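If you use our numbering, the sequence shown corresponds to residues 3 to 207, in order. For each residue, glycine too, the CB sits at the ideal point set by N, CA and C. Remember, predicted model here, so these are calculated numbers, not experimental data.
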Amino acid sequence: MDKDLACRTKRNASYTIQQHKHDCLVIGAGGAGLRAAVGLAEAKFSVALVSKLFPTRSHTIAAQGGMNASIGSMHEDDWRWHFYDTVKGSDWLGDQDSIQYLTMNAPNCVFELENMGMPFSRTKDGKIYQRSFGGGTIKNGKEIAKRTCAVADRTGHALLHTLYGYTTKFKNIDLFSEYFVLDLLVQDEVIVGALALDMDDSSLH
């Protein structure tokens with residue numbers, strides 16, 4: 003951090019700002035933030051993971067329904083049918099390149115979570131159980147699909163605890179729990195950090 007930037011972060015001379023240096027900063031430790039931190043850590047970056055809540059209290063925990071992926075546990079399925087449903091469900095307003103990427107990669111994401119230890123509901127023969135949910139079809143709308151992978155009706159709870167537990171294996175993830183981000187630090191139109199309040203002792207970081 004250069005001197006000019008350091009001066010701009012010092013809001014009042016009576017406050018000491020503690021500085022931390024990492025390769026990457028992730029703000030928020032819900033499902034998306036935790037998975038982003040894992041990906042960065044696996045790529046050997048040092049990560050500051052900042053959350054205003056302890057991670058397992060993040061709002062992802064309230065999600066119930068499940069996640070759609072064409073893994074075909076219950077019947078034949080294809081990412082193209084999932085793609086069709088998602089484009090149609092967006093009233094043809096969704097970005098189709100993004101939807102293609104999402105639907106093609108959804109099965110591998112589910113299997114990745116399974117390998118992390120997520121306790122998906124199972125069929126009698128041990129496959130990930132899938133159920134009908136929210137407009138899912140096969141054969142481009144001709145039949146109802148069973149495509150939603152879930153952990154009973156506590157999918158978000160299981161997802162959040164699985165991801166949080168998985169982050170603890172990485173020594174290059176530093177969790178700043180109950181830190182409230184007050185401002186972003188910008189240098190030459192690039193975000194280079196953040197100013198955060200430790201809600202436990204009111205110190206600035």
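{"Item": "N-terminal and C-terminal residue of the beta strand (DSSP E) that G138 is part of", "Value": "Looking at the DSSP string, G138 is not in any beta strand (DSSP E), and its letter there is neither H nor E."}
{"Item": "C-beta atoms of S134 and K148 nearer than 8 Å", "Value": "yes"}
{"Item": "W83 beta carbon less than 8 Å from that of S72", "Value": "yes"}
{"Item": "Whole-angstrom distance between V52 and I146, CA atom to CA atom", "Value": "41 Å"}
{"Item": "Assigned secondary structure, A118 (DSSP; H/G/I helix, E/B strand, else coil)", "Value": "According to the sequence displayed, residue 118 carries Met and not Ala. Helix at M118."}
{"Item": "Entirely enclosed alpha helix (DSSP H) segments - the region 133-189, minimum 4 residues", "Value": "157-169"}
{"Item": "Contact the region 110-123 vs the region 14-30: 3+ CB pairs below 8 Å", "Value": "no"}
{"Item": "A71 - DSSP class collapsed to helix/strand/coil", "Value": "coil"}
{"Item": "Residue range of the beta strand (DSSP E) that includes A198", "Value": "V192 to D200"}
{"Item": "Beta-carbon proximity check, L177 vs S60, cutoff 8 Å", "Value": "no"}
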